[in-house]
Structures are given as C-alpha cells and as structure tokens.
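Quick note: the sequence shown, position 43, residue 45 per the numbering used here, numbers continuous.
Have a look at the structure below, then the notes.
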Amino acid sequence: MPQNSKRVYGEAVRITGQIPMDKPCFVISCNRGEIANDTLRAAKENMHPAVFTAAIHTTGDRQYGYVHQSEFKMCIGPDSFSAEERAAGRATTPYMDKPILFTAFDNIRREAARMFGEGNFQIGVHPGYGMLSEDPDFVEQCLEEGYIFIGPGHTPQSMMGPKDSARELAVKAGLQVVPGEGDIKTLEDAKAAHAKIIKENPGLKDRRFRLKAVAGGGGRGQIVFQGTKELPEKFEKVQQVSAGLGWPSHFVMELNIEISRHYEIQMFRDLTFFGRECTLMRNHQKEIEEFLSPQSIKEQDPVASEQLQKMIDAAPNLARECKLDSVATLECIYDEEAEKLYFLEMNTRIQVEHPVTNAATGVDLLRAQILHAFGAPMILKQDEVTAMGHSIEARITNLDPYDPNFGPLGGKKIDRYWRPERTDRIRHYGYVTSGNTITSFDPMFAKIVGRGHDRKEAVESLFRGLSEFIVEGHEFRHNIPHQLFVISHPKFIDRNYNSETMDEIRKEFLEKFVPFFDENYGKENRYNNPVVAEAVNNFYGHHFH
3 MPQNSKRVYG EAVRITGQIP MDKPCFVISC NRGEIANDTL RAAKENMHPA VFTAAIHTTG
63 DRQYGYVHQS EFKMCIGPDS FSAEERAAGR ATTPYMDKPI LFTAFDNIRR EAARMFGEGN
123 FQIGVHPGYG MLSEDPDFVE QCLEEGYIFI GPGHTPQSMM GPKDSARELA VKAGLQVVPG
183 EGDIKTLEDA KAAHAKIIKE NPGLKDRRFR LKAVAGGGGR GQIVFQGTKE LPEKFEKVQQ
243 VSAGLGWPSH FVMELNIEIS RHYEIQMFRD LTFFGRECTL MRNHQKEIEE FLSPQSIKEQ
303 DPVASEQLQK MIDAAPNLAR ECKLDSVATL ECIYDEEAEK LYFLEMNTRI QVEHPVTNAA
363 TGVDLLRAQI LHAFGAPMIL KQDEVTAMGH SIEARITNLD PYDPNFGPLG GKKIDRYWRP
423 ERTDRIRHYG YVTSGNTITS FDPMFAKIVG RGHDRKEAVE SLFRGLSEFI VEGHEFRHNI
483 PHQLFVISHP KFIDRNYNSE TMDEIRKEFL EKFVPFFDEN YGKENRYNNP VVAEAVNNFY
543 GHHFH
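Below, the structure written as structure tokens:
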C-alpha cells in the first residue's frame, strides 16, 4: 500500500459509487447520541436519489439537535424501562426492544408510502454501535420485514460473533491467534483444554490464562487463572456472571497477555484501511485511539511492524471466509513478551473510533456504509488506499478525572458548549450543545480528532482542539484535563507505552499534576480547558498551542 503522501486531505476518497436505483431512500437511526448524530449526518450527504432521515428517540433524547434536524422523528418511550416492565418482557431500553422498534419502523414506512406510493422507496435501518448492532436475529428480522440493514449481514455476524467460531475461521484464513482452545462448557472441558495448550506449548506452563464467555465483551464474563488449582472456584464464578448476563455457558480459553499493545485493523468488505492503536484504556474502555500503519512504527519497533503487515495481508482472507459485506474491525493484541501480534475477534459494526481512519486515509466509512447498503457498487481498489498523514482521537466523557475512580458524575446540565473551531486539522464529533442534559446511557458525549502530516502535527492539533473546547455547567465534570495530560506525557510523545502505561500516567496526574495545578492555577479552574492546557505545557515544558 502506498503510504504517507505529503498532503493532508478531507474525507474525499470515495469507496463506493452512487446508489443505482432512482428511488427515495429513508435512513432510520435506531441508536442514540454521537453515533446517531453522525449516521444521520452521513445520510444527508447523499443527495441522489433523495435521502430522508428518521430519528428514533426516547423522551430524554428528544432534546438533541440530530432529532430536530431529521425529517422524521419518533419517540419510542422512556430512556429505560422499570424492573417490573423488564420482568414482564421489556428490554432494558426501548432502543433494544424489537417490538417497539419495528412498530416505529412501520409507522415511518406508512408515511413513506403516503408520500411516494407503495414500492416506490427504500428504507434502511442503521444500528450504530452497541445496542442491537451485532445481533444477527435483528438483522434477519429487518430483512424479513422488508427493510435494508445498514451493516454486516446475518452471515458474517453469525460466523464472527461467537469467539470460538471466529477463532476457527481466523486460523483457516491464516491469521495468528492467541494460543488457546474453544468449545468449553464444563469444568472438565476447561481442565482438558489447559492440559492440551501446555502440552502443545511447554513454554507457557507458568503463564496465566483467561477464560471468557463466547458472547462476552468489554471485559465482562472473563476470569484469569494460573494453574488448574484455581480453576474450580473461578470457573463457577464466570459461569454465574455469564448466566446473569443471559449468555450461554460456553467459553474460550486463551493465554492471558500480561503486557500488551492493542491494535486493530479497519475493513470494508475485503479492503483494509491500515489500523489503529487503542492501547491507552480506562477499565477496558478506550481513551485514546491513533492511526497505525506498519510504516508508522517500523523504525521504533520493526518486529511489531512486520507482524502488523502480516495481519493486514491475511485480513482479506478472513473477510472472504465470513462473507463480510460491510464495515468491520479486526481486534488484535500484541504480546510484548513473545513479540507476536494475535487476532482476538472481529467487530461486525462501525466503531466508535472510525473517524481516526477517515482522517488519515480520506475516506468516510459511515457514508460509504450507507451507500453500499442501498446498492452502490465498490469502486475503490486496495492499491488506491493510501495513508495521507496521521490522526489521533480523544474520547470526551462526563467523568471526573480529579476523582481517583473517575466519579461521581456530578452535574449533567451543560450551560456552555463551545466546540473547537473545525479546521483541516481538527474534527469534533458530538451531539450535545448548550442547554442540553447528558442522559445516563453513556458517559461519552464527544470525540476530538487531531490530524497532521505526521504524528507530531497530529498531537499538536489534538492538543489545540482539546484546549479550545469549552464545556461548562453547574458541577459538570469532564475528562478533557486528563486527556490533555495524557497526550502531552513523554511516554505518549515518544510512543513508548503499553497496557501498563495508563496506570502510570494516571498516578502522575493525581499525585503530581493536580497539586501543581491547584497551587499555581487554582482549584476553581480545574475544568477551564485553556487554563489547563497552559498548566500542562508548563508542567511538561512543552510549547503546544
């Protein structure tokens, strides 16, 4: 792949052609927040044929701009259902309640028929991420009801959703997987799997292993153990957690990677768009995401660069094995001890961090996903995918970084919301504005992306974007001060970090920076981002602007 051209572009590289059928298209977002806002924005950018947007929303989410800016909007109930309603068969939230959703879809279809006549329009449903985005039954029901599902279809979701079948397909496709075994349902199965792994890999006998539910995610439904003596008690624990989450008692055992870096590879069908690094996390939740290509880390870590290139080269084989027909991401982990990059899973949906890839390669993955779902042909070829610079994203959450546990949330009402000025180097993705209240679904309310010709410029752009971002409200808390501190840390600047580093940075923030800030700039300015940015520069001796 050609890499690192000298120009930095906007999202101007086309993955697909235009929608071939000259029928009006309706795009329904059945999600909320930032991804709903971005989905509806991407849909509106498709002008031929006419595209109409529909926002499905709860009572609490009615306040947001993306709802009011849609041609159609429909309230589907409260933000969440009571315990009594859930016991009676309701989902946790209307966004995951299929009968409610399909009733809303049908209402929009009736309005479309009134406007254009039966059969003279198309309706697509975009699930976003989370919620029902990786539910193959939801995909199937959409298709049965005559709706287009905007995302990977039933086949890739069914094949790549369970961790054991994903692992088998990855091996078949030639990807390197973490040493382990699948098809574990009982304690005896777990003991046998452990014995087999050790027999095939004697050097791992003193390493710890991880047992995880095939349906798990986000660190839930997992336990770590060392040796079979710990297995009985911990196996019972992970069974209980899985049962409580409604998951099947079916597990995968893998080597526990102690010190690692988290890499992922962006895909659209069998095209690869380089990768991203998401190593810096908080409680298994990504904080900073960065564009990654083999070339970008070759000088610093030639072994990791070579491993990443091999994974990128093999990824299209996996896409073809699972019949991937939309956007997906390969999650991988780099074991620093073994110096090997392993495939973990495929996420068959759009990612929170997809703008990182957009910014560095010039594509718009979300817009292309919508176009392709409505029949637009693929026109981009693999050798035309280029790296046009570097990009880094920071997630902005309603969490208090000055509290050791990032809590409590404090106030949720936003009095002033002044986003950073959009430039060719800075992108803001969010859904709230002044006067809005953050609902309780997700603490993330925005993302800031900085990009440049090289990594140094991308860091400086992100620093500037964060420093210009004003979010204020009575007792409102946000993590921008911590994000400014992280991206200015010497280990981040030198790209010298791994899975242990965030804890080190966090300790330094609380024990050294906070007293320095409070003494020199005043506690009352803790959430004043221009002041925090100046303090971070002085603390590190940087001159970012």
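Even glycine gets a Cβ: it sits at the ideal position worked out from N, Cα and C.
Quick caveat: nothing in here was measured; it's all calculated off a predicted structure.
Coil, strand or helix - Ser160 by DSSP: Within the sequence shown, the letter at position 158 stands for residue 160. DSSP places Ser160 in helix when its eight states are reduced to three.
Selected residue, minimal CA-CA separation from Arg1, among Gly153, Asp139, Leu103: For the chain, the structure presents residues 3 to 547; residue 1 sits outside this window and is missing.
Span separating the alpha-carbon of Thr435 from that of Glu474: Looking up residue 435 in the sequence shown gives position 433. Looking up residue 474 in the sequence shown gives position 472. Each residue's Cα considered, the two are about 11 angstroms apart.
Host beta strand (DSSP E) of His430 (start-end): On the sequence shown, position 428 is the one that residue 430 refers to. From DSSP, the beta strand (DSSP E) with His430 extends over 428 to 432.
In terms of residue numbering, what span does the beta strand (DSSP E) encompassing Gly184 cover? Your numbering for residue 184 matches position 182 in the sequence shown. From DSSP, the beta strand (DSSP E) with Gly184 extends over 182 to 186.
How many angstroms separate the CA atom of Pro4 from the CA atom of Glu266? Residue 4 sits at position 2 when you count from the first residue of the sequence shown. Residue 266 sits at position 264 when you count from the first residue of the sequence shown. For Pro4, the predicted model reports a pLDDT of 49, less than 50, meaning its position is unreliable; a value from the coordinates is still stated below. Answer to the nearest angstrom: the Cα atoms are 19 angstroms apart.
By alpha-carbon positions, which one of Gly35, Leu332, Leu320, Pro80 ends up nearest to Glu170? For the purposes of this step, residue 170 is taken as the residue at position 168 of the sequence shown. With distances taken between Cα atoms, Glu170 lies closest to Leu320.
Would Met390 be called buried (16 or more neighbouring beta carbons within 10 Å of its own) or exposed? Position 388 of the sequence shown, counting from 1, holds the residue named residue 390. So Met390 ends up on the buried side.
Going by Cα to Cα distance, which pick from Phe546, Ile482, Arg457, Lys514 is closest to Asn527? As a working note, residue 527 is residue 525 in the sequence shown. The residue with the shortest Cα to Cα distance from Asn527 is Ile482.
Segment contact, 8 angstroms Cβ cut-off, at least three pairs: the stretch 113 to 130 with the stretch 24 to 32: yes
Among the residues of its own chain, which have a CB less than 6 angstroms from the CB of Arg210, if the five just before and after it don't count? As a first step, residue 210 must be located in the sequence shown, where it is residue number 208. These residues qualify, in order along the chain: Val226, Gln228, Asn258.
Cα-Cα separation between Phe275 and Tyr499, rounded to whole angstroms: Against the sequence shown, residue 275 aligns to sequence position 273. Against the sequence shown, residue 499 aligns to sequence position 497. One C-alpha to the other measures close to 23 angstroms.
Give the list of continuous alpha helix (DSSP H) stretches no shorter than 4 residues that lie fully inside the stretch 286 to 370. 296 to 299, 304 to 323, 356 to 363
Leaving out five residues on either side along the sequence, give the residues of the same chain with a beta carbon under 6 angstroms from the beta carbon of Asp24. Taking the first residue of the sequence shown as position 1, residue 24 is located at position 22. Pro51.
So, with DSSP's three-state summary, where would you put Gln268? Here residue 268 refers to the residue found at position 266 of the sequence shown. It is a strand residue.
Cβ atoms of Thr350 and Gln268: under 8 angstroms apart, would you say? What you label residue 268 is simply residue 266 of the sequence shown in a count that begins at 1. What you label residue 350 is simply residue 348 of the sequence shown in a count that begins at 1. The answer is no: Cβ separation not under 8 angstroms.
Just the Cα atoms here: how many angstroms apart are Ser7 and Ala362? Locating residue 7 in the sequence shown gives position 5, where the first residue counts as 1. Locating residue 362 in the sequence shown gives position 360, where the first residue counts as 1. Here Ser7 scores only 48 on pLDDT, less than 50, and its place in the model is too uncertain to base an answer on.
Give me the Cα-Cα distance between Glu301 and Val451, rounded to the nearest whole angstrom. Looking up residue 301 in the sequence shown gives position 299. Looking up residue 451 in the sequence shown gives position 449. Taking the straight line joining both Cα atoms gives about 25 angstroms.
Is it true that the CB of Ile314 sits closer than 8 angstroms to the CB of Val254? Indexing the sequence shown from 1 puts residue 254 at position 252. Indexing the sequence shown from 1 puts residue 314 at position 312. No, Cβ-Cβ distance for Val254 and Ile314 is not below 8 angstroms.
Which residues in the same chain have their Cβ closer than 7 angstroms to the Cβ of Glu13, if we skip the five residues on either side of it in sequence? As a working note, residue 13 is residue 11 in the sequence shown. Correct list, in chain order: Asn360, Gly364, Val365, Asp366.
Taking the straight line between their C-alpha atoms, what separation do you get for Lys509 and Val173? Position 507 of the sequence shown holds residue 509. Position 171 of the sequence shown holds residue 173. Going by the C-alpha atoms only, they are around 40 angstroms apart.
Beta-bridge pairing of Val179 - partner residues as DSSP gives them: Here residue 179 refers to the residue found at position 177 when the sequence shown is read from its first residue. BP columns for Val179 point to Phe345.
Cα-Cα separation between Thr157 and Glu289, rounded to whole angstroms: Position 155 of the sequence shown, counted from the first residue, corresponds to residue 157. Position 287 of the sequence shown, counted from the first residue, corresponds to residue 289. If I take the Cα positions, the gap works out to 31 angstroms.
Mapping DSSP to helix, strand and coil, what is Val461? Along the sequence shown, one-based indexing puts residue 461 at 459. Three-state result, Val461: helix.
For Asn407, does the count of other Cβ atoms within 10 angstroms reach 16, so buried, or fall short, so exposed? For the purposes of this step, residue 407 is taken as the residue at position 405 of the sequence shown. Its Cβ having fewer than 16 others within 10 Å, Asn407 is exposed.
Quick one: what's got a C-beta closer than 6 angstroms to Ala329's C-beta in the same chain, skipping five residues either side? Residue numbering aside, residue 329 sits at position 327 when the sequence shown is read from its first letter. Here the sequence assigns Val to residue 329, which means Ala is not the residue at that position. Phe270, Ile352, Leu367, Gln371.
Return the residue from the list Asp139, Phe74, Ser135 that minimises the CA-CA distance to Ala114. One-based indexing of the sequence shown puts residue 114 at position 112. Taking only the C-alpha atoms, the option nearest Ala114 is Phe74.
Using 8 angstroms as the cut-off, can you tell me whether the stretch 529 to 540 makes contact with the stretch 302 to 312, which would need three or more C-beta pairs spanning the two stretches below that distance? no
Thr503 by DSSP, collapsed to three states: which one? Here residue 503 refers to the residue found at position 501 of the sequence shown. Helix at Thr503.
When the distance is taken between beta carbons, is Ile381 closer than 8 angstroms to Gly121? Translated into the one-based positions of the sequence shown, residue 121 becomes position 119. Translated into the one-based positions of the sequence shown, residue 381 becomes position 379. No; because the gap between Cβ atoms is not below 8 angstroms, this pair is not in contact.
Helix, strand or coil: how does DSSP classify Glu474 here? For the purposes of this step, residue 474 is identified with residue 472 of the sequence shown, where counting begins at 1. Strand, per DSSP.
I need the straight-line Cα distance from Phe107 to Thr94, nearest angstrom please. Here residue 107 refers to the residue found at position 105 when the sequence shown is read from its first residue. Here residue 94 refers to the residue found at position 92 when the sequence shown is read from its first residue. C-alpha separation (whole angstroms): 19 angstroms.
Can you tell me whether Leu247 is buried or exposed? The criterion is at least 16 other CB atoms within 10 Å of its CB, across all chains shown. The residue labelled residue 247 in the question sits at position 245 within the sequence shown. By the neighbour-count rule (16 or more Cβ atoms within 10 Å), Leu247 is not buried but exposed.
Look at the alpha carbon of Pro492 and the alpha carbon of Glu347, and state the distance between them as a whole number of angstroms. Taking the first residue of the sequence shown as 1, we reach residue 492 at position 490. Taking the first residue of the sequence shown as 1, we reach residue 347 at position 345. Taking the straight line from one Cα to the other gives about 31 angstroms.
Taking a contact to mean a Cβ-Cβ separation below 8 angstroms, would you say Leu486 touches Leu468 in this structure? On the sequence shown, residue 486 is found 484 positions in, with the first residue counted as 1. On the sequence shown, residue 468 is found 466 positions in, with the first residue counted as 1. Their beta carbons are under 8 angstroms apart, which means Leu486 touches Leu468 by this criterion.
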